[in-house]
Amino acid sequence: MPRPIQATIHLQALRDNVAVCRRAAPDARLWAVVKANAYGHGIERVFDGLRGADGIALLDLDEAVRVRKLGWRGPLLLLEGVFEQRDLELCSRLGLWHTVHCQEQIDMLATHKTNEPHRVFLKVNSGMNRLGFQPEQVRSAWTRLNALPQVDEISLMTHFSDADGPKGIAAQMAVFRQATDDLPGERTVSNSAATLRHSGSGLVSDWVRPGIATYGSAPDYPLHDAAHWGLQPTMTLAARIIATRTLAPGDTVGYGSLFTADKVMRIGVVACGYADGYPRVCPTGTPVLVDGVRCRTVGRVSMDMITVDLEPVPQAGMGSEVTLWGRAGNGAVLPIDEVAAAAGTVGYELMCALALRVPVVVAD
Ligand SMILES: *Cc1c(COP(=O)(O)O)cnc(C)c1O
């Protein structure tokens, strides 16, 4: 028998989450974001759940090739554009739309030989200060692009640093508007947090770009949780109990003896560790579901095992189901955001870090 651990990808949840994002921005078209191998889910695995999107956005040219191989003929957007000149050949061949965020990318386009003019997304730095033209450079970049025979339509784009937090998007939107107001072309500005939180506020986005929300994690946790937004988990990580033991008061558990029993207690040893993508930093008390019932971890996460307090589930034993995040067999949900918070990080990182050694199945 293989080691009892498995991840499950929930396609119907993915479709439902896309629908949640669409309802939040009903007039916009929707990019499904599949960078980082679909946030760790696997592009090939999620593809069927994302067919209803209007376009697919990603970073890596190899991922674009994979999406075309799956038969996707719709729009495909490279969110960081090209990295070197020859990437443009692939853009021509696969009909990729690409972001243009710096002069060097315009230089590459200007010397690119193609019969197929490209659709480009001119990126404005409205305050994130990673990629994009400074507001005062936007007009000249646009004029330069517009003069190139290699360029077809020019759209306008920016990215928010604080759509999930108290600072919000107003200041960045004002910068973006001022830099682009009299330029023609479609606009795309909204990530998940902006799509869910700010669409009603007169935000005009011809295309929205929700990533994390489609994968069932709340972009603004802990302010709101996934249930608040009507989002469902698209990834479950589950394992089984491979041993149980009873501790006496004073017994310690695991490396570093980080947990000491203060009474007689039963613990379960679970076939999941940091080599599976479960964060080693998760402290005692991190929530897990055993047979769908909420329990807590005790002691240090090791490479292949964690230990859990079985007090809430006296009937549990060898072979019992343990849900590390996602949906249990009885329907109970442990939001990935809760586990991420215990680890001091965000759901994004946990999904993306699912280890290769974990077998993955796709469910509808
Ligand atoms: C990753 C990314 C998104 C999606 O962000 P989420 O927070 O996952 O919704 C949108 N736009 C760009 C440019 C990105 O890189």
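Residues 683 to 1046 (the numbering used here) make up the sequence shown, in order.
Yeah, the Cβ is synthetic: ideal placement off N, Cα and C, and Gly gets one too.
- Contact belief for residue 1049 with residue 845 at Cβ below 8 Å, rounded distance in angstroms: Because the chain is modelled from 683 through 1046, residue 1049 falls outside the range shown and cannot be assessed.
- Task: Run the CB neighbour count on residue 809, radius 10 Å, all protein chains shown included, and call it buried at 16 or more, exposed below.
- Result: buried
- Task: Report yes if the C-beta distance between residue 803 and residue 759 is below 8 Å; otherwise report no.
- Result: yes
- Message: Between which residues of its own chain and residue 947 is the CB-CB distance below 6 Å, once the five residues before and five after are set aside?
- Response: 929
- Query: Within this structure, are the beta carbons of residue 889 and residue 870 separated by less than 8 Å?
  - Reply: yes
- Query: Within the chosen definition, does the segment 829 to 844 reach the segment 789 to 796 through at least 3 CB pairs nearer than 8 Å?
  - Reply: yes
- Rank 1018, 714, 841 and 772 by C-alpha distance to the C-alpha of residue 700 and give the top, closest one. When only C-alpha atoms are compared, the closest one is 714.
- Task: Alpha carbon to alpha carbon, how far is residue 735 from residue 697? Give it in angstroms, no decimals.
- Result: 9 Å
- Given that a residue counts as buried once 16 or more other Cβ atoms are within 10 Å of its Cβ, and exposed if not, what is residue 1045? exposed
- Query: Hey, residue 984 and residue 1030 are a contact pair by Cβ (cut 8 Å); roughly how many whole angstroms apart?
  - Reply: Not really, about 24 Å apart at Cβ, beyond 8 Å.
- Which two residues bound the contiguous alpha helix (DSSP H) that contains residue 1021? Run containing residue 1021: 1018 to 1024, per the alpha helix (DSSP H) assignment.
- Query: Assuming residue 806 and residue 761 make a contact with CB atoms under 8 Å, what is their CB distance in whole Å?
  - Reply: Contact flag wrong, Cβ pair sits at about 14 Å.
- Task: Grab me the residues of residue 704's own chain with a C-beta within less than 7 Å of its C-beta, minus the 5 sequence neighbours each way, in chain order.
- Result: 712
- Task: Would you list the residues sitting across from residue 1007 in a DSSP beta bridge?
- Result: 919
- From this set, 688, 827 and 994, which residue's C-alpha is nearest residue 1008's C-alpha? For the set 688, 827 and 994, the Cα lying nearest the Cα of residue 1008 is the one of 688.
- Name the residue from 748, 710, 920 and 719 whose alpha carbon lies nearest to the alpha carbon of residue 776. 748
- Message: Measuring straight from C-alpha to C-alpha, what distance separates residue 752 and residue 726?
- Response: Near 7 Å, if we compare the C-alpha coordinates of residue 726 and residue 752.
- Exposed or buried, what is residue 932 when buried is set at 16 or more other beta-carbons lying within 10 Å of its beta-carbon? Result: exposed.
- Query: Between residue 1041 and residue 915, which are expected to be in contact by the criterion C-beta below 8 Å, what is the C-beta distance as a whole number of angstroms?
  - Reply: Not confirmed; about 18 Å, so no contact.
- Message: Let's test the definition: count the other Cβ atoms within 10 Å of the Cβ of residue 893 and tell me whether it reaches 16, buried, or not, exposed.
- Response: Looking at its Cβ environment, which holds 16 or more other Cβ atoms inside 10 Å, residue 893 is buried.
- Query: Quick one, are the C-beta atoms of residue 686 and residue 953 less than 8 Å apart?
  - Reply: yes
- What residue does the beta strand (DSSP E) around residue 758 start on, and which one ends it? 758 to 760
- Item | residue 716 (DSSP reduced to helix, strand or coil) | coil
- So what's residue 914 in DSSP terms, helix, strand or just coil? coil
- Query: Taking 7 Å as the cut-off, is the CB of residue 717 close to at least one heavy atom of ligand 1?
  - Reply: yes
- Task: Please state if the CB of residue 706 and the CB of residue 883 are separated by a distance shorter than 8 Å.
- Result: no
- Would you identify the three-state DSSP class for residue 751, choosing helix, strand or coil? helix
- C-alpha gap between residue 824 and residue 866, whole angstroms: 10 Å
- Message: DSSP has residue 805 in a bridge; who is on the other side?
- Response: 839
- With DSSP collapsed to three states, give me the class of residue 688. strand
- Message: For ligand 1, is there any heavy atom lying closer than 7 Å to the beta carbon of residue 893?
- Response: yes
- Item | For residue 924, three-class secondary structure by DSSP | In the three-state DSSP reduction, residue 924 falls in the strand class (E or B).
- Query: Taking just the CA atoms, how far does residue 799 sit from residue 989?
  - Reply: 58 Å
- Task: Determine which residues share a DSSP beta bridge with residue 1045 and list them.
- Result: 692
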